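**Student:** The structure's right below; bear with me while I get my questions together.
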Amino acid sequence: MRALTRSFVIGIFSIVATVSFASEEQKLNDLMEEIWQFELKSYPTFATSQGLHDYDDQLTDMSAQALEQRNAQFEGFLARLNAIDKSALPRTQQINLLMQLYRTQNDVDEYKFNAHYVPLTSEYGFHSSIAGLPKSAKFRNLTDYQNYLSRLQKIPTLFKQQIGWMKKGMQVGMVQPKVVMQGFEKSVEGYFSGAVEDSVFFGPFQKLSSLSIDEEQQEQLTRQAKTIIKDQVFTAYRQFYDFLTNDYIPNAKADIASKTWPQGALYYQNRAKYYTTTDLSADEIHDIGLQEVARIRSEMQKIVDELKFEGDINAFIQFLRTDPQFYATTPEELLKHASFIAKKMDAQLPKLFKKLPRTPYGVAPVPNSIAPKYTTGRYISPSRDDQPGYYWVNTYALDKRPLYAIPALTLHEAVPGHHLQISLAREMDDLPNVRRYTYISAFGEGWGLYSEFLGKEVGIYETPYDEFGRLSYEMWRACRLVVDTGMHLKGWSRQKAMDYMLENTALSEHNVTTEIDRYISWPAQALSYKIGEIEIKKLRAQAQNALGDKFDVREFHDAVLEYGSIPLSVLRENIALFIEQQAQ
1 MRALTRSFVI
11 GIFSIVATVS
21 FASEEQKLND
31 LMEEIWQFEL
41 KSYPTFATSQ
51 GLHDYDDQLT
61 DMSAQALEQR
71 NAQFEGFLAR
81 LNAIDKSALP
91 RTQQINLLMQ
101 LYRTQNDVDE
111 YKFNAHYVPL
121 TSEYGFHSSI
131 AGLPKSAKFR
141 NLTDYQNYLS
151 RLQKIPTLFK
161 QQIGWMKKGM
171 QVGMVQPKVV
181 MQGFEKSVEG
191 YFSGAVEDSV
201 FFGPFQKLSS
211 LSIDEEQQEQ
221 LTRQAKTIIK
231 DQVFTAYRQF
241 YDFLTNDYIP
251 NAKADIASKT
261 WPQGALYYQN
271 RAKYYTTTDL
281 SADEIHDIGL
291 QEVARIRSEM
301 QKIVDELKFE
311 GDINAFIQFL
321 RTDPQFYATT
331 PEELLKHASF
341 IAKKMDAQLP
351 KLFKKLPRTP
361 YGVAPVPNSI
371 APKYTTGRYI
381 SPSRDDQPGY
391 YWVNTYALDK
401 RPLYAIPALT
411 LHEAVPGHHL
421 QISLAREMDD
431 LPNVRRYTYI
441 SAFGEGWGLY
451 SEFLGKEVGI
461 YETPYDEFGR
471 LSYEMWRACR
481 LVVDTGMHLK
491 GWSRQKAMDY
501 MLENTALSEH
511 NVTTEIDRYI
521 SWPAQALSYK
531 IGEIEIKKLR
541 AQAQNALGDK
551 FDVREFHDAV
561 LEYGSIPLSV
571 LRENIALFIE
581 QQAQ
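Once you know that position 354 of the sequence shown is 354 in my numbering, the rest is easy, because the numbers rise by one and skip nothing.
Below you can see the structure in the form of structure tokens.
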């Protein structure tokens, strides 16, 4: 009788626990979906990119009232997320909760620190983002074109709102430094200076004849488009250009440190935590950078010695920067070289992975309108499910784009780097949207840098110059830890940061300049690469040491990527479980 009673009690507790477990899990699922739908409604162009077309005629409202209301909603979501009992969730759901907290907390933090006062960096802004509309929107019928025209008509309001926030930033001293804004207006001028028919916004109307829209409607749409683009879109861009040249750039701040912004030091530490997903202080990150620079420099010296070069590393770097043999003479040559490396790496992927993405990618030049101040290369995710990803290669200033750096760049931006990792995450249909579409920089950029290293294991770096290029790219990311923290919190000048990069990397002076300006205008983002890569390499070493002959690099890589983009703390837990499972 006593045993029966005990079993009965245990059963009751088990039922209660299961109900509680299911209750908390359902509560989280419902809340994640509610947040997702709110984000789609709040950010219409994002909704379009996700295949939801309910808001295809709208743009994001950036008015003070809209921002305040969105923030109040996000704060409410945050409180509800924190009220969920994490201990009552299975591990997968605990990760979901953590990811949603990460994403929602950032929405709250950015509003708190007035990030909307500075809606541009040295290479990017709302003006270039909105120019992506023709690629992200769908154009299959009359309604699609009417929705698109409605969006174009809303561009003047959006620009007015953004300029208003920039003026607010000027009032409180939260502006970009003048040195990184020099020439920025050129990235705006190209959007309104040509003929309407040559505008990126008019592009979709060039293919009207291929659709089942009668000729009269086609002519009407074309007339409307020309009028709207000329009178509204071009005018909005011209007014933004005038504001930049007459007001913003002349009154931009003289210093380069984000700590001189209101709450600047706190904001920088907040951004460091967001981009690295760690609690490392700026001083700790700075010191890690110094240690990595010293280690990589010794590796670079070995190559200089191997080549029997007469001179030190710096003389060798100068040789690399100036000898024509290392540079393409036409944009096509550079693109073909990048494409060849990409295809060469494609063939090696089965040696490193068991699971590969189904989404393809292409190689394309960085658009001319943004190329002069743009970084060397970048991965561009698909805007729709009927598009590929793209590995962008900057073909501006060819004498500053060394061929020996292309292998490392390609592996980072295309495969096995960003395209592979991001595509796999997006194709995980069993994960909630917050997991599939949240990009954690420490994980993604750490993986990209680790991917450069993987090229060594499959023979991508064929010459000592290629290997020096890889080391230079790794050094580039190590230097970021030093110069980013140095400029924003430690009083480093822009010139001191540039000299440090020129001293330790084989990057051209043009590349160093654009990169330093990027770090100045985008505080702490540059910290994510090396911090993430160090963690992935450390976890691989732990797995190899623990598993010995049982270690399979393909299994390890699949384990790193199988949960999508995640904080480094979760990655550590995942690999600990992987080691335990493989050992058994």
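Virtual Cβ for every residue (Gly too), placed ideally from N, Cα, C.
Keep in mind that this is a model prediction, so the values were computed, not measured.
1. Note down, one range per segment and in chain order, each alpha helix (DSSP H) of at least 4 residues found wholly within the segment 519 to 563.
2. Quick one: complete beta strand (DSSP E) runs, 3+ long, within the segment 311 to 366?
3. Could you check if Leu347 is buried or exposed, using at least 16 other CB atoms within 10 Å of its CB as the buried criterion?
4. If you reduce the DSSP assignment to three classes, tell me which class Lys627 lands in.
5. Does the contact criterion of 3 or more C-beta pairs under 8 Å hold for the segment 556 to 564 versus the segment 510 to 520?
6. Is the beta carbon of Ser383 closer than 8 Å to that of Ser210?
7. Residues bridged to Gly389 by DSSP?
8. Could you tell me which whole alpha helix (DSSP H) segments of length 4 or greater appear in the segment 141 to 228?
9. Taking only the alpha-carbon atoms, compute the straight-line gap between Gln182 and Thr322 and give it to the nearest angstrom.
10. Among residues of its own chain, excluding the 5 on either side of Met345, which ones have a beta-carbon nearer than 8 Å to its beta-carbon?
11. Please state whether the Cβ-Cβ distance between Val570 and Ile95 is less than 8 Å.
12. If you compare alpha carbons, which of Ala425, Met428, His419 and Pro407 is closest to Phe453?
13. With DSSP as the reference, identify every bridge partner of Pro402, one or two as the case may be.
14. DSSP three-state label for Leu120, please.
15. Which residues mark the beginning and the end of the alpha helix (DSSP H) in which Gly446 is found?
16. Which stretch, first to last residue, makes up the alpha helix (DSSP H) that contains Arg384?
17. Who are Gly377's beta bridge partners in DSSP?
18. Once the 5 residues before and after Gln584 are set aside, which same chain residues still bring their CB inside 7 Å of it?
19. Could you check whether Ile84 and Glu39 sit closer than 8 Å to each other, using their CB atoms as the reference points?
20. Nearest to Leu120 by alpha carbon, out of Ser381, Arg151, Ile534 and Phe240?
21. Less than 8 Å between the beta carbons of Ala257 and His488, yes or no?
22. Are the CB atoms of Ile163 and Phe202 nearer to each other than 8 Å?
23. Might you give, ordered along the chain, the residues of its own chain that have their beta carbon closer than 6 Å to the beta carbon of Val175, omitting 5 neighbours on each side?
24. Determine, using beta carbons only, whether Gly389 and Ser423 come nearer to each other than 8 Å.
25. Is the beta carbon of Val179 sitting closer than 8 Å to the one on Lys226?
26. When we look at the beta-carbon of Asn545 and count the other beta-carbons within 10 Å, is it buried (16 or more) or exposed?
27. Looking only at DSSP bridge pairs, what is Lys41 linked to?
28. Straight-line CA distance for Ile341 to Glu533?
29. Please classify Ser122: is it buried, with 16 or more other beta-carbons within 10 angstroms of its beta-carbon, or exposed?
30. At which residues does the alpha helix (DSSP H) containing Ser298 begin and terminate?
31. Using the Cα positions of Ala17 and His286, report the straight-line distance between them to the nearest angstrom.
32. Is Lys253 helix, strand or coil by DSSP?
33. Distance, Cα to Cα, Leu152 vs Gln232?
34. How would you write the range of the alpha helix (DSSP H) that His419 sits in, first residue to last?
35. Using 8 Å as the threshold, is the C-beta distance between Tyr529 and Arg470 below it?
36. Hey, quick one: how far does the alpha helix (DSSP H) through Asp499 stretch, first residue to last?
**Tutor:** Once the coordinates are examined:
1. 528 to 547 and 553 to 561
2. 361 to 365
3. For this step, residue 347 is matched to residue 347 along the sequence shown. It should be noted that the sequence gives Ala, not Leu, for residue 347. Classification of Ala347: exposed, given that the 10 Å Cβ count is below 16.
4. The question about residue 627 has no answer, for the chain in this structure spans 1 to 584.
5. no
6. Taking the sequence shown and counting its residues from 1, one reaches residue 210 at position 210. Taking the sequence shown and counting its residues from 1, one reaches residue 383 at position 383. It is not a contact, given that the beta carbons lie outside the stated cut-off.
7. Walking along the sequence shown from the start, residue 389 turns up at place 389. Note: Gly389 sits in a beta bridge opposite Tyr361.
8. 142 to 172, 178 to 181, 186 to 189 and 215 to 228
9. As a position in the sequence shown, residue 182 is number 182, starting the count at 1. As a position in the sequence shown, residue 322 is number 322, starting the count at 1. Taking the straight line joining both Cα atoms gives about 26 Å.
10. Numbered from 1 along the sequence shown, position 345 holds the residue referred to as residue 345. So the qualifying residues of the chain are Thr410, Leu411, Ala414, Val415, Pro416, Gly455, Val458 and Ile460.
11. Stepping through the sequence shown from its first residue, residue 570 is reached at position 570. Stepping through the sequence shown from its first residue, residue 95 is reached at position 95. Cβ distance < 8 Å, so Val570 and Ile95 count as in contact.
12. Here the question's residue 453 lines up with position 453 in the sequence shown. For the residues Ala425, Met428, His419 and Pro407, the minimum Cα distance to Phe453 belongs to Pro407.
13. Sequence index remark: in the sequence shown, residue 402 carries index 402 (1-based). Pro402 is bridged to Tyr327.
14. What you label residue 120 is simply residue 120 of the sequence shown in a count that begins at 1. DSSP places Leu120 in strand when its eight states are reduced to three.
15. Along the sequence shown, one-based indexing puts residue 446 at 446. Counting along the chain, the alpha helix (DSSP H) containing Gly446 begins and ends at Ser441 to Glu457.
16. In the sequence shown, residue 384 corresponds to position 384, counting from 1. Taken as a continuous stretch (DSSP letters only), Arg384 belongs to no alpha helix (DSSP H), as it is neither H nor E.
17. Start at 1 with the first residue of the sequence shown, and residue 377 comes out as number 377. Paired residues: Val393.
18. As a first step, residue 584 must be located in the sequence shown, where it is residue number 584. Around Gln584: no qualifying Cβ.
19. Stepping through the sequence shown from its first residue, residue 39 is reached at position 39. Stepping through the sequence shown from its first residue, residue 84 is reached at position 84. Not in contact: Glu39 and Ile84 (Cβ atoms no closer than 8 Å).
20. Your numbering for residue 120 matches position 120 in the sequence shown. Leu120 has its Cα closest to that of Phe240, out of Ser381, Arg151, Ile534 and Phe240.
21. The residue labelled residue 257 in the question sits at position 257 within the sequence shown. The residue labelled residue 488 in the question sits at position 488 within the sequence shown. Contact: yes.
22. Locating residue 163 in the sequence shown gives position 163, where the first residue counts as 1. Locating residue 202 in the sequence shown gives position 202, where the first residue counts as 1. No, these two residues do not count as a Cβ contact at 8 Å.
23. Within the sequence shown, numbered from 1, the residue matching residue 175 stands at position 175. Once the five neighbours on either side are set aside, the close Cβ partners of Val175 are Gly169, Ala252 and Lys253.
24. Taking the sequence shown and counting its residues from 1, the one referred to as residue 389 is at position 389. Taking the sequence shown and counting its residues from 1, the one referred to as residue 423 is at position 423. Cβ distance < 8 Å, so Gly389 and Ser423 count as in contact.
25. Taking the first residue of the sequence shown as 1, we reach residue 179 at position 179. Taking the first residue of the sequence shown as 1, we reach residue 226 at position 226. Not in contact: Val179 and Lys226 (Cβ atoms no closer than 8 Å).
26. In the sequence shown, counting from the first residue as 1, residue 545 sits at position 545. It is exposed - the Cβ of Asn545 has fewer than 16 other Cβ atoms within 10 Å.
27. As a first step, residue 41 is located in the sequence shown; it is residue number 41 there, counting from the start. Per DSSP, none; premise fails for Lys41.
28. Within the sequence shown, residue 341 is the residue found at index 341, counting from 1. Within the sequence shown, residue 533 is the residue found at index 533, counting from 1. Taking the straight line from one Cα to the other gives about 22 Å.
29. The sequence position of residue 122 within the sequence shown is 122, counting from 1. Buried, because 16 or more other Cβ atoms sit within 10 Å of the Cβ of Ser122.
30. Here residue 298 refers to the residue found at position 298 of the sequence shown. From DSSP, the alpha helix (DSSP H) with Ser298 extends over Ala282 to Glu306.
31. Walking along the sequence shown from the start, residue 17 turns up at place 17. Walking along the sequence shown from the start, residue 286 turns up at place 286. Confidence is the limiting factor: at Ala17 the pLDDT is only 47, short of 50, which leaves the residue's position unreliable, though a coordinate-based value still follows. Spanning the two alpha carbons is a distance of roughly 47 Å.
32. Walking along the sequence shown from the start, residue 253 turns up at place 253. Lys253: strand per DSSP, three-state reduction.
33. Position 152 of the sequence shown, counting from 1, holds the residue named residue 152. Position 232 of the sequence shown, counting from 1, holds the residue named residue 232. Near 8 Å, if we compare the C-alpha coordinates of Gln232 and Leu152.
34. For this step, residue 419 is matched to residue 419 along the sequence shown. His418 to Arg426 is the span of the alpha helix (DSSP H), which, as asked, contains His419.
35. For the purposes of this step, residue 529 is taken as the residue at position 529 of the sequence shown. For the purposes of this step, residue 470 is taken as the residue at position 470 of the sequence shown. Not in contact: Tyr529 and Arg470 (Cβ atoms no closer than 8 Å).
36. To locate residue 499, count along the sequence shown from 1; it is residue 499. Taken as a continuous stretch (DSSP letters only), the alpha helix (DSSP H) holding Asp499 covers Arg494 to Asn504.
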